[in-house]
Amino acid sequence: MDDWPDESLAMLENARHTDGGWAYFDRGDSAVEPTAMAVAALYAHSRNEAAQKRGLDFIGSLQQSDGAIAPQTSQTEPSTLCAVAAITLAVCGDASHRAAAARVADYLLSYDPATSQRMPHIADDSTLRGFAWRPTTYSWVEPTAYVMLLMSRLNRREHPRMTEARRMMFDRAVPTGGWNYGNSAVFNTPLEPAVMPTALALLALWDQDAGPRGPAPLRLGIEYLMQRVNDTPSVLSLGWISMALRGRGFDAVLPGRFGELFAASNRSANSPWHRGVALLATADVSRNPFIIRG
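Per the numbering used here, the sequence shown starts with residue -11, numbered consecutively.
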């Protein structure tokens, strides 16, 4: 089980498609999200620059005239997942890739998520805009976090939309700790936090103090993820937990846990997407495109 990092790197190199991209699992078309994770993992481990460039060029080949990046060749309608690809372009690529990432950011800033008047039975401030999965739908924690990370990587985190997005993220924090995908509480009842939105929120709010004098949602979010380290059965979830905690200085996830989870799931073991996330979770923090430390 301890040799899973070398196995994973070899798997990524062998699983790359002829178009330069990677699929989510062992079968399927190349897609931008697993390709972004695979490229970022190779970059983080200083492995196979040629494969990295081919992957970056594949992502760039799916960029549309308005700056959006299609999820894959057969699915041309973009979503905020293009921010994930753009983060990898901005950090791992050359000047042309960084320019492509800036065009993605401009496209995402055109999103105008739905808002509404505040409602007494919902705790959230529904007048605040973060970012939605699609241009005019409701703001969610995960897409907002992805865009915030991208804007940080492009040195644009002082944009007014980012100020509003940070306010929205803190507003959506579950009072008892962590973040839910959407709301924080309904009818005065806190919703259950979830691993992915909590991890992404902590990564996106990297420039906010999580110490005793900082905002309480950050400390509570860290505590929630700490509680989930040993009972999380998903490689993806554990990977993002590890990244969020390591971004805050906590090496709480033992690398061997990933080996155990890969051994228990052929689906994860044969997924370039899962392998890439696990490799990122254990790489040098300074080489991880999704971890920014102040």
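Beta carbons are placed, not taken as given, at the ideal position from N, Cα and C, and that holds for glycine.
Please read these numbers as outputs of a predicted model, since none were measured by experiment.
Under the three-state DSSP convention, the category residue i falls into
i, result
"I229", "helix"
"T186", "helix"
"I279", "coil"
"W194", "coil"
"A252", "helix"
"T270", "helix"
"N36", "coil"
"V92", "helix"
"G237", "coil"
"E(-5)", "helix"
"L0", "helix"
"Y99", "coil"
"L242", "coil"
"E152", "helix"
"L137", "helix"
"P203", "coil"
"D45", "helix"
"T76", "helix"
"S84", "helix"
"H262", "helix"
"L30", "helix"
"L224", "helix"
Length of the line joining the Cα atoms of residue i and residue j
i, j, result
"F46", "S127", "29 Å"
"M157", "I229", "18 Å"
"D272", "R234", "10 Å"
"A38", "L190", "32 Å"
"V223", "N36", "24 Å"
"T6", "R42", "9 Å"
"S256", "M25", "14 Å"
"S274", "I280", "8 Å"
"A83", "M139", "16 Å"
"F246", "N258", "13 Å"
"V72", "E65", "16 Å"
"T151", "T115", "14 Å"
"Q63", "N2", "25 Å"
"P243", "F119", "33 Å"
"G8", "L208", "41 Å"
"L137", "A192", "5 Å"
"L97", "A153", "11 Å"
"A252", "T103", "43 Å"
"A198", "G237", "11 Å"
"S49", "W10", "14 Å"
"R4", "P200", "45 Å"
"A74", "Y12", "18 Å"
Inter-residue CB distance, residue i and residue j (contact presumed, cutoff 8 Å)
i, j, result
"C161", "P205", "Residue identity differs from the one stated: residue 161 is Ala in this sequence, not Cys. With a Cβ gap of about 4 Å, A161 and P205 count as contacting."
"S(-4)", "Q60", "Not confirmed; about 22 Å, so no contact."
"V20", "C70", "7 Å"
"P(-7)", "G264", "Between G264 and P(-7) the Cβ distance is about 12 Å, and since that is not below 8 Å, they are no contact."
"Q130", "L188", "Reading off the sequence, residue 130 comes out as Glu, not Gln. About 5 Å separates the two Cβ atoms, so the contact holds."
"W167", "P148", "Incorrect: roughly 23 Å between the Cβ atoms, too far for contact."
"P185", "P163", "Rounded, the Cβ-Cβ distance is 15 Å, inconsistent with contact."
DSSP bridge partner residues for residue i (one or two, in chain order)
i, result
"F119", "W128"
"I210", "None, per the DSSP bridge assignment."
"Q105", "Its beta-bridge partners do not exist; DSSP assigns none."
"I57", "Q51"
"Q215", "Looking at the DSSP assignment, Q215 forms no beta bridge with any residue, so it has no partner."
"Q63", "Q60"
"W10", "A19"
"A161", "W167"
Cβ shell of residue i (< 7 Å), same chain only, five flanking positions each side left out
i, result
"A240", "M214, V217, L233"
"D54", "Y95"
"G202", "Q196"
"D112", "D159, R160, N171, S172"
"L30", "L0, N36, A39, Q40"
"R122", "S67"
"L142", "A78, A89, A90, A93"
"A266", "S(-4), V223, G227, F246"
Same chain only: Cβ atoms within 8 Å of residue i, ignoring 5 sequence neighbours per side
i, result
"E211", "G165"
"Q105", "S114, T115"
Sequence-distant residues of its chain with Cβ nearer than 6 Å to residue i (five each side left out)
i, result
"D195", "G282"
"H85", "L44, L77"
"N276", "A32, L268"
"T220", "L226"
"T270", "P243"
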